[in-house]
Amino acid sequence: MSSFDEMDAFEGASLSSRAMAARPQPYLDGLNPAQREAVEKLEGPVLMLAGAGTGKTRALTARIVHLLNTGTARPNEILAVTFTNKAAREMKNRVGQMLGQQVEGMPWLGTFHAICVKLLRRHAELVGLKSNFTILDTDDQLRLLKQLVAAENIDDKRWPARMLSGIIDGWKNRALTPEKVPAADAGLYNHRGTEIYDHYQQRLKELNAVDFGDLLLHMVTIFQTHADVLEQYQRWFRYILVDEYQDTNVAQYLWLRLLAQGHKNVCCVGDDDQSIYGWRGAEVGNILRFETDFPGAHVVRLEQNYRSTPHILAAASGVIAGNEGRLGKTLWTEATEGEKVRLIGHWDGEEEARWIGDEIEAMQRGTRGMDPMSLDDMAILVRASHQMRAFEDRFLTIGLPYRVIGGPRFYERMEIRDAMAYFRVVTSPDDDLAFERIVNTPKRGLGDKAQQKIQVTARQNGVNLVEGARILLADGGLSGKGAAQLRLLIDGIDRWNSQLRGPRIEVVQDDDLIDDEQGPVRMAYAPPEISHVELAQVILDESGYTGHWQNDKTPEAPGRLENLKELVKALEQFENLQGFLEHVSLIMDNEQEGEGEKVSIMTLHAAKGLEFPGVFLPGWEDGLFPSQRSMDESGIKGLEEERRLAYVGITRAEQVCTISFAGNRMIFGQWQSAMPSRFIDELPEEHVEVLTPPGLYGGGYGAAMPKSNLHEAAAEANVYNSPGWRRLQARAGERGMSQPKETRNMTIDLNAVSSFVMGERVFHQKFGYGSIIGIEGDKLEVDFEKAGIKNVVSRFLTGCDDVPF
DNA sequence: ACCGTGTATGTTTTT
DNA sequence: CATACACGGT
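As structure tokens, this is what we get:
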């Protein structure tokens, strides 16, 4: 491996440049002592315990810049790992900014997965893969497992493939190959778990494919079994940085520890109080154990908060104090007092949404001496995504612009996945899963029976499905319409494939690690006749896929065509289809920055790392938050994770934090009443102001609450032991399940100022097609074909050319 | 082969 | 309530 000899040769160079140091260090200005310590302590293991809003990203980037600026390390000798692409991108940008120039390359700054792909492409053969392996997403993974489960004659009802995929992911998170699964887990999935896991891994190898978990797992395996490979990277990565260390799982931990054992210059940044991904395999233990794992570790605590007001900070600290076994930090701030955390209870979820909508509009105008706040500066953070609906419905009705963060991701949409499957089949004909997906999409009259024939033929001849189909056709094993259609498809694939840059991949031993943006695999092709962007369009058109959606009359069809257009447009930024596919398989960018100010709605999980001047935290009811399921499944550990989630939520707020709960909520079509969250008890009373909900007789609960009072028990009394709350409870009981809906006796005003008329057929972005059955000012009542009757503001509707009925 | 109706079953999510 | 899947009819 000549590449590594050359890499090593650079070490001398960097050492000599270190001596010349003494360059200006503007990036150190304005750092507080703790941050500065974290930046300057370059050698040896460092744990940077960074509380929420304490400027950890700044410290982390300054540290990278410091490494570069002092000549301690060259850009390509620094391994910097993050969890999300967003974090990686931000770090890259900020390093560039701080450095005052564009770094030629930080090839090893990226997510765990992206870096592992790069490494695994170099060493794929060590785990029986070719370096052009494909990366399956969760959907492909599940379909593959379903096939295996079906082949084993397992009752999919009692033992759903979904469950198995969860189990296998769990094993991979713990870096367990099939042989290493502990005996204790043997009983899982009806005692067949390990067995099918093994089959699954074999099948992946046959398909020359990996799933997300494999990226880490394979690299750990390689490092553990090939000392020479490990040593080379240990030598090469002289400085290692890890962001969000509290979120690492066992596999990631092992991977890091193996690599860090070289120079032992590893700097992990994290906050044990923000560990909220335990359910997905993250081990808080990793960060708690850091000092034992890395002897001589230097621990730096970042405790000065630059984000929130003292009241908000105190409230958050009060809640998180309920957790045991923390590393412990005391956040403080120099900020002026500001607003107390506001707490308000509501009758039901609908009212909560209504109140929050009104409050947002009020804050936007500027209320009670507070400056007006932009909608962009406000966010609603919910525990579970189904809570979003109430807000969406309400905001659509009142015409409040909002954006949902972390909704269905662009690349997870059906049409995008279909289109990409076409691209995959064309770029790598061995991708059987992709072929299966598109063979009968659009409908080609190739049902289960025909597809099975293709499978059998392929298997008998030991070839991929495209070839199998070809042989089947040649043998005349298929007849009628299906045969002709399949012929067309196969011819299409051949044609598109030839229009691609070329069919063969050449592995280049690439020793240039610096501008290694495309990885070591280089394509050696003749120049293409048409660009990959045009080719993509051709594939979609000639395959009939575009036509399929053009003929589709469902309300979603126009949006899907729009998405396909976007997809083709996105291709322009890539050199070729392969590069694009790799990008999409690892990246889930969903930045649909619409025009104008919008309130953000997202889950608490999605909010980690973000901050907003105004934050609303609705749904603080026991069972919803903390979630009953978390507590049932993981007991105290689960509750503690929920509590950290509460901590994350509160600490997102800079100026105003409003917590709310509803006494009644429609869940799974049934009205249920709940007690306010136990976390509400844990809010320190002196930092909380209890607001009075409107429309509650006699001021309701909390209204007359003595502010600075006395007994802690009073804090409880304010909220749910108050007469008002009891009254609510009692009434909820009386009414039972039949909570009356808002009575609909709208005045239908035909003279209303609106460009719409009764009975007109309209289209709505979210609800699809419908007809107007009521008009009141600019508020319209629309009977949607799919979504039923909704009240919508007119500007969310567009008329259709269709004949009104 | 495809479409419709019926029933079961409902966190959190990145890569 | 609403969606996702399985089943049975055309």
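Under UniProt numbering, the residue at position 63 of the first sequence is numbered 63, and the numbers go up by one with no gaps.
Glycine residues also receive a C-beta, built at the ideal position from the N, C-alpha and C atoms.
In terms of residues, what are the limits of the beta strand (DSSP E) holding residue 532?
Translated into positions along the first sequence, residue 532 becomes position 532. No beta strand (DSSP E) contains residue 532, which is instead part of the alpha helix (DSSP H) from 532 to 542.
Quick one: residues in its chain with C-beta nearer than 8 Å to the C-beta of residue 359, no 5 flanking neighbours on either side, listed in chain order?
Taking the first residue of the first sequence as 1, we reach residue 359 at position 359. Around residue 359: 616, 658.
Would you mind stating whether residue 426 and residue 497 have Cβ atoms separated by less than 7 Å?
Looking up residue 426 in the first sequence gives position 426. Looking up residue 497 in the first sequence gives position 497. Yes, the Cβ-Cβ distance between residue 426 and residue 497 is below 7 Å.
Could you check what DSSP says for residue 238 in three-state terms: helix, strand or coil?
For the purposes of this step, residue 238 is identified with residue 238 of the first sequence, where counting begins at 1. Coil at residue 238, not helix or strand.
Tell me the DSSP secondary structure of residue 704 in three-state form.
As a first step, residue 704 must be located in the first sequence, where it is residue number 704. Low confidence applies to residue 704: its pLDDT is 33, below 50, so where it sits in the model is not reliable enough to give any reading.
Just to confirm before moving on: does the CB-CB distance between residue 270 and residue 304 stay below 7 Å?
By 1-based counting over the first sequence, the position of residue 270 is 270. By 1-based counting over the first sequence, the position of residue 304 is 304. For residue 270 and residue 304, no; Cβs fall outside 7 Å.
My guess is that residue 219 and residue 120 are in contact by the Cβ rule of under 8 Å, so how many angstroms apart are they, rounded?
One-based indexing of the first sequence puts residue 219 at position 219. One-based indexing of the first sequence puts residue 120 at position 120. Sure, about 6 Å apart at Cβ, within 8 Å.
Mark residue 435 as exposed unless 16 or more other C-beta atoms lie within 10 angstroms of its C-beta, in which case mark it buried.
Position 435 of the first sequence holds residue 435. The residue is buried, with at least 16 neighbouring Cβ atoms inside 10 Å.
Under a Cβ-count criterion, where at least 16 other Cβ atoms within 10 Å of its own Cβ denotes burial, should residue 301 be classed as buried or exposed?
Position 301 of the first sequence, counting from 1, holds the residue named residue 301. Burial call: buried.
What would DSSP say about residue 321, mapped onto helix, strand or coil?
Here residue 321 refers to the residue found at position 321 when the first sequence is read from its first residue. Note: residue 321 maps to coil in three-state DSSP.
Between residue 161 and residue 180, is the Cβ-Cβ spacing less than 7 Å?
Your numbering for residue 161 matches position 161 in the first sequence. Your numbering for residue 180 matches position 180 in the first sequence. Contact: no.
With the cut-off set at 7 Å, would you say residue 469 and residue 438 are in Cβ contact?
Translated into positions along the first sequence, residue 469 becomes position 469. Translated into positions along the first sequence, residue 438 becomes position 438. No, these two residues do not count as a Cβ contact at 7 Å.
Our contact map puts residue 383 next to residue 627 with C-beta atoms below 8 Å; I'd like the distance itself, whole angstroms only.
By one-based count along the first sequence, residue 383 stands at place 383. By one-based count along the first sequence, residue 627 stands at place 627. The pair is a contact, with the Cβ atoms about 6 Å apart (cut-off 8 Å).
Which one of 229, 144, 252 has the shortest CA to CA distance from residue 199?
In the first sequence, counting from the first residue as 1, residue 199 sits at position 199. It is 144.
Inspect the beta-carbon positions of residue 548 and residue 676 and report whether they are closer than 7 Å.
The residue labelled residue 548 in the question sits at position 548 within the first sequence. The residue labelled residue 676 in the question sits at position 676 within the first sequence. No, they are not a contact pair.
What residues match up with residue 665 in a beta bridge as DSSP calls it?
As a first step, residue 665 is located in the first sequence; it is residue number 665 there, counting from the start. The partner list for residue 665 (beta bridge, DSSP) reads 672.
Where do the N-terminal and C-terminal ends of the alpha helix (DSSP H) with residue 605 fall, by residue?
Locating residue 605 in the first sequence gives position 605, counting from the first residue. Start and end: 604 to 607.
Would you identify the three-state DSSP class for residue 699, choosing helix, strand or coil?
To locate residue 699, count along the first sequence from 1; it is residue 699. Residue confidence for residue 699 is low, a pLDDT of 36 falling below 50, so the modelled location carries little weight; the figure read from the coordinates is stated next. In this structure, residue 699 counts as helix in the three-state DSSP scheme.
How many Å lie between residue 321 and residue 660 at the Cα?
Position 321 of the first sequence, counted from the start, is the residue given in the question as residue 321. Position 660 of the first sequence, counted from the start, is the residue given in the question as residue 660. Distance between the alpha carbons of residue 321 and residue 660 is about 21 Å.
Please report how far the alpha carbon of residue 57 lies from the alpha carbon of residue 356, in whole angstroms.
Walking along the first sequence from the start, residue 57 turns up at place 57. Walking along the first sequence from the start, residue 356 turns up at place 356. Using only the alpha carbons, I get a separation of about 32 Å.
Can you tell me whether residue 183 is helix, strand or coil according to DSSP?
Locating residue 183 in the first sequence gives position 183, where the first residue counts as 1. Three-state result, residue 183: helix.
Taking the alpha helix (DSSP H) that residue 149 belongs to, which residues open and close that run?
Locating residue 149 in the first sequence gives position 149, where the first residue counts as 1. 138 to 151 is the span of the alpha helix (DSSP H), which, as asked, contains residue 149.
Short check: CB of residue 208 to CB of residue 133, under 7 Å?
By one-based count along the first sequence, residue 208 stands at place 208. By one-based count along the first sequence, residue 133 stands at place 133. Yes, Cβ-Cβ distance for residue 208 and residue 133 is below 7 Å.
From 484, 116, 639, pick the residue whose C-alpha is nearest to that of residue 622; which is it?
The residue given as residue 622 occupies position 622 in the first sequence. The shortest C-alpha separation from residue 622 is found at 639.
Going along the chain, which unbroken runs of the beta strand (DSSP E) with 3 or more residues stay wholly within the region 274 to 353?
As far as the region 274 to 353 is concerned, its whole beta strand (DSSP E) runs of at least 3 residues are 298 to 302, 341 to 348.
Would you mind working out which of 386, 228, 339, 400 sits nearest residue 370, comparing C-alpha positions?
Counting from 1 along the first sequence, the entry for residue 370 is found at position 370. Nearest option by C-alpha distance: 339.
Are the beta-carbon atoms belonging to residue 472 and residue 453 less than 7 Å from one another?
Stepping through the first sequence from its first residue, residue 472 is reached at position 472. Stepping through the first sequence from its first residue, residue 453 is reached at position 453. Yes; because the gap between Cβ atoms is below 7 Å, this pair is in contact.
Grab me the residues of residue 317's own chain with a C-beta within less than 7 Å of its C-beta, minus the 5 sequence neighbours each way, in chain order.
Within the first sequence, the letter at position 317 stands for residue 317. Hits under 7 Å: 331.
Are the region 29 to 47 and the region 247 to 256 in contact at 8 Å, needing three or more beta carbon pairs?
Too few Cβ pairs lie closer than 8 Å, so no.
Within 10 angstroms of its Cβ, does residue 367 collect 16 or more other Cβ (buried), or is it exposed?
Within the first sequence, residue 367 is the residue found at index 367, counting from 1. That one is exposed.
Return the residue from the list 348, 636, 96 that minimises the CA-CA distance to residue 323.
One-based indexing of the first sequence puts residue 323 at position 323. Nearest of 348, 636, 96 to residue 323, Cα basis: 636.
By DSSP, does residue 440 sit in helix, in strand, or in coil?
Taking the first residue of the first sequence as position 1, residue 440 is located at position 440. Note: residue 440 maps to coil in three-state DSSP.
Just curious, the alpha helix (DSSP H) that residue 250 is in, first and last residue?
Here residue 250 refers to the residue found at position 250 when the first sequence is read from its first residue. Unbroken alpha helix (DSSP H) run through residue 250: 250 to 260.
Count the other CB atoms within 10 Å of the CB of residue 653; is the residue buried (16 or more) or exposed (fewer)?
Stepping through the first sequence from its first residue, residue 653 is reached at position 653. Residue 653 comes out buried.
Could you please give me the residues that DSSP links to residue 165 through a beta bridge?
Taking the first sequence and counting its residues from 1, the one referred to as residue 165 is at position 165. In DSSP, residue 165 forms no bridge with anything.
Can you name the start and end residues of the beta strand (DSSP E) that residue 110 belongs to?
Position 110 of the first sequence, counting from 1, holds the residue named residue 110. Its beta strand (DSSP E) spans residues 109 to 111.
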